[in-house]
Structures are given as C-alpha cells and as structure tokens.
Amino acid sequence: MPHVVSVPVLTIDGPSGSGKGTISALVAAHLGWHLLDSGALYRAVGYAAGVAGLDLSDVEAVTRCAEQTKIRFRAAAEADGTRVWVNGHDATDELRTETAGAAASAIASLPTVRQALVQLQLGFRKSPGLVADGRDMGTVIFPDAPFKVFLTASAAERAKRRYKQLKEKGLSVTLGGLQREIEARDSRDASRAVAPLKPAEDALLVDTTGMGIEDVVAKVLSVVQP
Ligand code: DC
129 MPHVVSVPVL TIDGPSGSGK GTISALVAAH LGWHLLDSGA LYRAVGYAAG
179 VAGLDLSDVE AVTRCAEQTK IRFRAAAEAD GTRVWVNGHD ATDELRTETA
229 GAAASAIASL PTVRQALVQL QLGFRKSPGL VADGRDMGTV IFPDAPFKVF
279 LTASAAERAK RRYKQLKEKG LSVTLGGLQR EIEARDSRDA SRAVAPLKPA
329 EDALLVDTTG MGIEDVVAKV LSVVQP
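First residue of the sequence shown: 129, per our numbering; consecutive thereafter.
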C-alpha cells in the first residue's frame with residue numbers, strides 16, 4: 129500500500145555550532161510545528177551506553193542500547209526549553225556536555241544504531257508540521273520533505289558561539305581547544321560511511337557566519353512561507 133505523507137516537514141541540517149538548535153526551536157515555535165532534535169537522540173544513546181558501562185566500540189551492545197533506551201522530550205519553563213529524559217532520569221544537563229557530544233558522534237557512526245532510531249524519528253511527523261534538526265534529516269530520514277535548509281558557519285565562528293555558551297554556564301574551556309574539537313567532530317561526521325553530514329541536493333544553503341539570529345530565522349522561514 130503506498131505510504132501517503134501529507135504532513136509538511138522542514139529539515140534543518142548542518143554541523144554543530146551552526147545555530148541549528150536555536151534556529152529550529154524558534155522556527156518551530158513561529159510555525160506552531162513540532163520539533164525533532166535528532167542530535168539529542170544520539171546524545172541520549174551515547175549517555176545511556178556510558179551509564180551502562182558499555183564499550184562504545186561493542187556494536188551489538190550499543191545497538192541493543194539504542195533499541196531499548198527510553199527517550200522522552202518534555203516541555204519546561206521558557207528559559208529551560210525542552211528537557212530530555214533518558215530511562216526515567218532528567219539527563220538534559222549531561223547531554224549538553226562535550227563528552228556527550230563526542231559519545232554521540234562515535235555511536236552515530238554505527239549503521240545499526242542509526243537504523244534503531246529511524247522509526248522513532250519518523251514518529252515525530254505529526255500535524256500540523258515538523259521542524260527536524262540534525263545531520264541527515266533532508267538526506268535520509270525525511271528525503272521527501274518539501275522544505276530543506278542546510279546551515280553552515282565557519283569553524284572559528286562556531287567555536288566562538290560554543291565558547292560563549294559554555295562560559296555562560298561557568299564551564300572552563302579554551303577557544304582553541306573547542307575549535308579543534310569542532311573540526312575533529314565535523315570531519316568524523318562528514319566522512320562516515322552511513323548518512324554522512326552533507327546537504328541534500330534540494331536544500332537551501334545558508335552560511336550564518338556574521339548573521340544575527342533574527343536574520344537566519346527570517347531566511348529559513350522564507351523557505352516555508354515565501
Ligand atoms: O546536533 P548535536 O551536536 O546534538 O549532535 C550530536 C552528534 O550526533 C553529532 O556529532 C552527530 C550525531 N548526529 C547524527 O549523526 N545524526 C543526526 N541526525 C543528529 C546528530
């Protein structure tokens with residue numbers, strides 16, 4: 129039976145620090161659409177694997193972990209945004225750390241882990257629409273999405289943004305160290321065999337270097353509401 133899909137999806141892909149998270153949340157709120165933060169799913173699985181003491185290179189164990197981990201997104205007070213619960217524990221703060229990002233990037237290179245998360249992601253496509261934030265939203269998960277954007281920014285600019293965020297949280301980091309981590313993660317995400325980070329052919333490329341948040345939001349919204 130043909131799969132009839134009519135719920136619109138706006139995919140927003142790009143590397144870490146390109147502003148995807150902030151932009152996706154603002155655009156989803158503006159449109160009144162649902163939001164899928166797919167990076168949080170990979171972070172949650174990496175985190176759950178760490179809590180269980182798994183060796184991240186043990187493909188079978190990590191895949192089982194991806195299949196069994198219970199991930200819930202819960203709306204919170206405005207300033208807090210969405211909280212992410214992993215196996216009944218509010219893991220939002222842990223998931224934001226660089227350690228969680230690195231674990232997510234490592235397990236995200238496993239095809240069986242990606243496969244285990246496909247149905248969960250497709251389930252977010254609900255009326256009136258979905259804004260899907262990630263790396264492979266427009267290429268693999270929602271290839272038929274009518275609206276696709278790929279956000280980029282220079283590695284230096286992305287490191288600067290991340291530095292500011294982490295400093296505000298009182299974490300001790302260096303700009304140079306962050307830029308090196310960002311470049312290492314980019315190259316791992318872009319060079320992996322499955323679902324590498326790359327723009328869909330029909331995506332609008334937006335380089336956000338030097339752009340303000342409002343301008344990026346307006347540009348992305350213009351794809352949906354020309
Ligand atoms: O967007 P983020 O920084 O929260 O993503 C964390 C990691 O998860 C990132 O290094 C790559 C991986 N990821 C992925 O492989 N596919 C996605 N759709 C989203 C994230």
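Just so it is clear, CB atoms sit at the ideal spot from N, CA and C, and this is done for glycine as well.
Since the structure is predicted, the reported quantities are computational estimates derived from the model, not experimental observations.
Sequence-distant residues of its chain with Cβ nearer than 6 angstroms to residue i (five each side left out)
i, result
"Pro-136", "Gly-257 and Pro-274"
"Lys-254", "His-162"
Which listed residue (the options) has its alpha carbon closest to that of residue i
i, options, result
"His-217", "Ala-230, Asp-314 and Thr-197", "Thr-197"
"Ala-172", "Asp-186, Ser-152 and Glu-195", "Glu-195"
"Ala-203", "Arg-242, Ala-153 and Ala-283", "Ala-153"
"Ile-199", "Cys-193, Asp-272, Val-214 and Ala-331", "Val-214"
"Gly-340", "Ala-328, Ser-134 and Arg-289", "Arg-289"
"Glu-342", "Val-155, Ser-144 and Arg-313", "Val-155"
"Val-259", "Arg-308, Glu-311 and Lys-148", "Lys-148"
N- and C-terminal bounds of the alpha helix (DSSP H) containing residue i
i, result
"Leu-333", "Taken as a continuous stretch (DSSP letters only), Leu-333 belongs to no alpha helix (DSSP H), being part of the beta strand (DSSP E) at 332-335."
"Val-214", "Careful: Val-214 lies outside any alpha helix (DSSP H), inside the beta strand (DSSP E) at 210-214."
"Val-241", "239-244"
"Leu-303", "303-319"
"Thr-227", "226-235"
"Val-322", "Taken as a continuous stretch (DSSP letters only), Val-322 belongs to no alpha helix (DSSP H), as it is neither H nor E."
"Leu-182", "No alpha helix (DSSP H) holds Leu-182; DSSP gives it neither H nor E."
"Leu-294", "283-296"
"Gly-159", "Position check: residue 159 holds Leu in this sequence, whereas Gly was assumed. Where Leu-159 is concerned, the enclosing alpha helix (DSSP H) stretches over 148-159."
Straight-line gap, residue i to residue j (C-alpha atoms, nearest Å)
i, j, result
"Leu-184", "Asp-165", "22 angstroms"
"Asp-317", "Thr-240", "16 angstroms"
"Thr-227", "Ala-219", "13 angstroms"
"Ala-287", "Leu-303", "6 angstroms"
"Gly-266", "Phe-278", "9 angstroms"
"Val-322", "Ala-177", "21 angstroms"
"Gln-243", "Lys-347", "32 angstroms"
"Ala-283", "Leu-294", "16 angstroms"
"Leu-325", "Val-268", "11 angstroms"
"Ala-168", "Leu-349", "23 angstroms"
"Asp-264", "Gly-298", "32 angstroms"
"Gln-247", "Leu-238", "16 angstroms"
"Pro-271", "Pro-327", "11 angstroms"
"Ala-189", "Leu-182", "7 angstroms"
"Ile-151", "Val-345", "6 angstroms"
Residue i Cβ short of 8 angstroms to ligand 1 heavy atom set
i, result
"Gly-229", "yes"
"Lys-148", "yes"
"Ser-319", "no"
"Ala-273", "no"
"Gly-209", "no"
"Asp-335", "no"
"Ile-199", "no"
"Arg-263", "yes"
"Tyr-170", "yes"
"Arg-308", "no"
"Gly-395", "There is simply no residue 395 to check, as the chain begins at 129 and stops at 354 in what is shown."
"Arg-242", "yes"
Residue range of the unbroken beta strand (DSSP E) whose run includes residue i
i, result
"Asp-141", "137-141"
"Gly-262", "258-262"
"Ala-203", "199-203"
"Val-268", "Where Val-268 is concerned, there is no enclosing beta strand (DSSP E), given that its DSSP letter is neither H nor E."
"Lys-276", "275-280"
Same chain, Cβ closer than 7 angstroms to residue i, neighbours up to 5 away in sequence not counted
i, result
"Val-352", "Leu-138, Leu-159 and Phe-275"
"Tyr-170", "Ala-232, Ile-235 and Ala-236"
"Ser-146", "Leu-279, Thr-280, Ala-281, Arg-286 and Thr-336"
"Glu-222", "Tyr-175 and Ala-228"
"Tyr-291", "Val-301, Leu-303 and Leu-306"
"Phe-201", "Thr-210 and Val-212"
Nonlocal neighbours in the same chain, by C-beta distance under 8 angstroms from residue i, ignoring five residues either side
i, result
"Ala-331", "Thr-139, Asp-141, Gly-266, Lys-276, Val-277 and Phe-278"
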